[in-house]
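Q:
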Amino acid sequence: MRYEGPIFRPPSEANSLLIQATIGCPHNKCTFCGLYKKKKFRIRPVSEIKEDLVMAREAYSSEVRSIFFPDGNSIVMKTKDLVEIFELCYQLFPHLERVTIYGSARFLARKSLEELKALAAAGLSRIHSGMESGDDEVLLKIQKGATAQQIIDAGLRVKEAGIELSEYLLIGIGGRTLSKQHALGSARVLNALDPHFIRIRTYAPVPKTPLGQEYLNGTFQRLSPHEALKETRLIIENLQTTGFFLSDHISNFVNLNGRMPNDKATMLRLLDYALTLDESKFETVDYRYM
């Protein structure tokens, strides 16, 4: 397989075969993100992607169980090309159980329900989607490229097509000033979506990004560990979802993993206990681990 630049994947794809479908991110304007700043976006030719899949079959035999297609927002590719690629995956790997991809609301909005159903029929199992926030003021500030309603519309269409929706939420992305409205707005959007997975990450300022510069200038106030935990608690307290709530990332201060609503009370109790601990007990992770 051939890779260009560093490859980023969700922790849940740690055991997946990684086949780079696009280089960089077609949006690449989020003020908090520095992952793709050194990459000029382009879509790899379908022929190259197919060649990499064949090479993977030769290297790993037919034992591959899951495949993830980086880089950022590879869902932007033409639907017919993605269908062709996904179908080949299942031909080459008879034990394949899951095919996944990144897709934020801005680019999911370009796919009709019929297109998403075609992707599901071709074997697309799950879309990892970074909503980051459900508050329009925060979304505008971080230049996410979508409104709360657009996030809801795109996510519901993914679910209607029969594809699992994994939404990513950034704790602390509104800073101290917008923390409460970020939490309540995010809970509102997540309730409307009821995604299969809610995955949280805690924001850490990244150098040479607009929001990282605001942090250095003092115009953005990063949440303390206790403030981040309180924001997380406010979100969970207001959730009325039925999927998994997962804290599967090193940036988070407490390991929260459960199924809503059954484990909601347990997670709230764990947060309440964590809030009794001195803040010195929590390790703040820097951007290198994001």
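25 is the number of the first residue of the sequence shown in the numbering used here; add one for each residue after it. Beta carbons: idealized from backbone N, C-alpha and C, even for Gly.
Which word fits E255, buried or exposed, when buried means at least 16 other C-beta atoms lie within 10 angstroms of its C-beta?
A: The sequence position of residue 255 within the sequence shown is 231, counting from 1. With 16 or more Cβ atoms within 10 Å of its Cβ, E255 is classed as buried.
Q: So what does DSSP say about V123, is it helix, strand or coil?
A: Within the sequence shown, the letter at position 99 stands for residue 123. Note: V123 maps to strand in three-state DSSP.
Q: Mark T226 as exposed unless 16 or more other C-beta atoms lie within 10 angstroms of its C-beta, in which case mark it buried.
A: For the purposes of this step, residue 226 is identified with residue 202 of the sequence shown, where counting begins at 1. So T226 counts as buried.
Q: In chain order, what residues of the same chain lie with their CB nearer than 6 Å to the CB of V315, ignoring the 5 residues before and after it?
A: It is not possible to answer for residue 315, since the shown part of the chain is limited to 25 through 314.
Q: Can you find the residues in the same chain that come closer than 6 Å, C-beta to C-beta, to G198, ignoring five residues on each side of it along the sequence?
A: Taking the sequence shown and counting its residues from 1, the one referred to as residue 198 is at position 174. Correct list, in chain order: V162, H206.
Q: For G196, is the classification buried or exposed, using 16 other Cβ atoms within 10 angstroms of its Cβ as the cut-off for buried?
A: Translated into the one-based positions of the sequence shown, residue 196 becomes position 172. Looking at its Cβ environment, which holds 16 or more other Cβ atoms inside 10 Å, G196 is buried.
Q: Let me make sure I understand the geometry here. Which of K102, T308, H220, L164 has the alpha-carbon closest to that of K135?
A: The residue given as residue 135 occupies position 111 in the sequence shown. Per the Cα distances, K102.
Q: Between L112 and G158, which are expected to be in contact by the criterion C-beta below 8 Å, what is the C-beta distance as a whole number of angstroms?
A: The residue labelled residue 112 in the question sits at position 88 within the sequence shown. The residue labelled residue 158 in the question sits at position 134 within the sequence shown. Rounded, the Cβ-Cβ distance is 36 Å, inconsistent with contact.
Q: Expressed to the nearest angstrom, what Euclidean distance is found between the alpha-carbon atoms of G147 and L180?
A: Translated into positions along the sequence shown, residue 147 becomes position 123. Translated into positions along the sequence shown, residue 180 becomes position 156. Rounded to the nearest angstrom, the two C-alpha atoms are 19 Å apart.
Q: Using 8 Å as the Cβ pair cut-off and three pairs as the minimum, do the stretch 183-191 and the stretch 238-255 touch?
A: No, they do not touch.
Q: Among H119, R293, F32, which residue has its Cα nearest to the Cα of I260?
A: In the sequence shown, counting from the first residue as 1, residue 260 sits at position 236. When only C-alpha atoms are compared, the closest one is R293.
Q: A145: buried (16+ other C-beta within 10 angstroms of its C-beta) or exposed?
A: If you number the sequence shown from 1, residue 145 lands on position 121. So A145 ends up on the exposed side.
Q: Can T265 and M284 be called in contact, C-beta distance under 8 Å?
A: Your numbering for residue 265 matches position 241 in the sequence shown. Your numbering for residue 284 matches position 260 in the sequence shown. In this structure, M284 lies closer than 8 Å to T265 by Cβ.
Q: Which residues in the same chain have their Cβ closer than 6 Å to the Cβ of N279, if we skip the five residues on either side of it in sequence?
A: As a first step, residue 279 must be located in the sequence shown, where it is residue number 255. For N279, where only same-chain residues beyond five positions count, the Cβ hits under 6 Å are S271.
Q: Below 8 Å on the Cβ atoms is my guess for A170 versus A129; work out the distance and round it to an integer in Å.
A: Along the sequence shown, read from residue 1 onward, the residue named residue 170 stands at position 146. Along the sequence shown, read from residue 1 onward, the residue named residue 129 stands at position 105. At roughly 4 Å, the Cβ-Cβ gap stays under 8 Å, so A170 and A129 are in contact.
Q: Ends of the beta strand (DSSP E) at N281?
A: Along the sequence shown, one-based indexing puts residue 281 at 257. Segment 281-283, the beta strand (DSSP E) holding N281.
Q: With 16 as the cutoff for other CB atoms within 10 Å, does I91 come out buried or exposed?
A: For this step, residue 91 is matched to residue 67 along the sequence shown. Buried is the call here.
Q: Do we get a CB-CB distance below 8 Å when we pair M291 with the residues of chain B?
A: No chain B is present in this structure, which holds just one protein chain.
Q: Among residues of its own chain, excluding the 5 on either side of G29, which ones have a beta-carbon nearer than 6 Å to its beta-carbon?
A: One-based indexing of the sequence shown puts residue 29 at position 5. Result list for G29: K63, in chain order.
Q: Does R312 come out as helix, strand or coil in the three-state DSSP assignment?
A: Here residue 312 refers to the residue found at position 288 of the sequence shown. Because the pLDDT of R312 is 48, which lies under 50, any placement of that residue in the model is unreliable, and the question is left without a value.
Q: Checking 8 Å against the spacing of the C-beta atoms, do L247 and L299 come in under that value?
A: What you label residue 247 is simply residue 223 of the sequence shown in a count that begins at 1. What you label residue 299 is simply residue 275 of the sequence shown in a count that begins at 1. Not in contact: L247 and L299 (Cβ atoms no closer than 8 Å).
Q: In chain order, which alpha helix (DSSP H) runs of at least 4 residues are fully inside the stretch 179-239?
A: 203-217, all fully within the stretch 179-239.
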